[in-house]
Amino acid sequence: MKFNLRKTIMGVAASLPLLFGATQASAVEVELGLTIDASGSIGSTNFTTQRNAYVAALNNVIPSFFGDIAIGVWRFDSSVDLIQDTMVINDAADLAILTTAIQNMAYTGGLTNISGSIDAAANNLLGNAIDSTRQVIDVSTDGGQTSSLGNANTAAANAVAAGIDAINCLGIGTNANCNFIAGTNAFSTIASTFADVQNALERKLRREITGVPEPMTLALMGIALAGIGATRRRKA
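Residue numbers (this note's numbering): 92 to 327.
Take a look at the structure:
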């Protein structure tokens, strides 16, 4: 975990700059490593649906967090490929670079190297020059680790020991195995089908960026807005 003075501002405070329009520090709140399954069990049609879901979800969610998030993307099958090096998303132009890289990501097929994708994302997030409060790896898969390629649980544990805050999972369908999640407040989300990936991913991204589940985030926003209203009434 890379040191940052903002580490002392957790939970509710993490969302306050977004609510009140405060000037953001040069550091970002979270670095997010997205690792995306392109193995043979998915197939080209479902992969296209998954890829489009990522583009749509990022376009819907990330504009609310411009300047406060950095994202990198990896594709995994039998091996692991870097699709987009981790970059701070400051504006619509940056977001377009990210989503274009994902949209151009080809289906490959092969085995399921979750462990390799965790290793690659962890090395990148911990080794780059971006200053951040949290580093989170987000794996999406419709299956489980191919044992001959490594151990996802070991990779996740090693990543946390090295300083990654959490390894989360978006499982797709009934065969998804997300038991490798690890770290502080790590969680998994299930999309019943590939058609459900976009909605599940949007909820997951908001939780990963803010650090709190979406219903709680909405409740905190309501409390904060109520406080603003009370302050304005007192001034009146």
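Glycine included, every Cβ here is placed at the ideal spot set by N, Cα and C.
In whole angstroms, what separates the C-alpha of residue i from that of residue j?
| i | j | result |
| --- | --- | --- |
| F278 | G124 | 15 Å |
| R225 | V121 | 5 Å |
| D256 | P304 | 16 Å |
| N215 | T284 | 30 Å |
| I188 | I180 | 9 Å |
| A250 | A183 | 31 Å |
| A192 | F138 | 15 Å |
| V230 | D185 | 22 Å |
| F271 | G241 | 12 Å |
| S280 | A291 | Looking at the sequence shown, residue 280 is not Ser but Thr. When rounded, the distance between both Cα atoms is 7 Å. |
| I300 | I209 | 19 Å |
| N266 | G207 | 20 Å |
| N150 | T237 | 32 Å |
Do residue j and residue i have their beta-carbon atoms positioned less than 9 Å apart in this structure?
| i | j | result |
| --- | --- | --- |
| I228 | T136 | no |
| L296 | A282 | no |
| A129 | Q289 | no |
| L202 | G131 | yes |
| A247 | A273 | yes |
Would DSSP call residue i helix, strand or coil?
| i | result |
| --- | --- |
| A148 | helix |
| I258 | strand |
| G235 | coil |
| I209 | helix |
| L202 | coil |
| T140 | helix |
| T265 | coil |
| G274 | strand |
| S169 | coil |
| S223 | strand |
Could you check where the alpha helix (DSSP H) with residue i kicks off and where it finishes?
| i | result |
| --- | --- |
| T191 | 183-194 |
| D159 | Run containing D159: none; DSSP gives neither H nor E here. |
| L292 | 288-301 |
| T245 | 243-253 |
Excluding the five sequence neighbours on either side, which residues of its own chain have a C-beta within less than 8 Å of the C-beta of residue i, listed in chain order?
| i | result |
| --- | --- |
| G318 | Per-residue confidence for G318 stands at a pLDDT of 49, beneath the threshold of 50, marking its modelled position as unreliable; the derived number appears in the next sentence. Excluding sequence neighbours, G318 sits near nothing in its chain. |
| A286 | T140 |
| T177 | E122, G124, A161, I162, G163, N215, L216, N219, I221 |
| A144 | F285, V288, Q289, L292 |
If you follow the beta strand (DSSP E) that residue i is part of, which residue opens it and which one closes it?
| i | result |
| --- | --- |
| T126 | 119-128 |
| S279 | 279-282 |
Would you say residue i touches the ligand PLP, meaning its beta carbon is less than 8 Å from a heavy atom?
| i | result |
| --- | --- |
| A197 | Among the components of this structure there are no ligands whatsoever, and the ligand PLP is therefore not found. |
Among the residues of its own chain, which have a CB less than 7 Å from the CB of residue i, if the five just before and after it don't count?
| i | result |
| --- | --- |
| A369 | Since the first residue shown for the chain is 92 and the last is 327, residue 369 is missing from the structure and cannot be characterised. |
| M196 | R142, R166, I174 |
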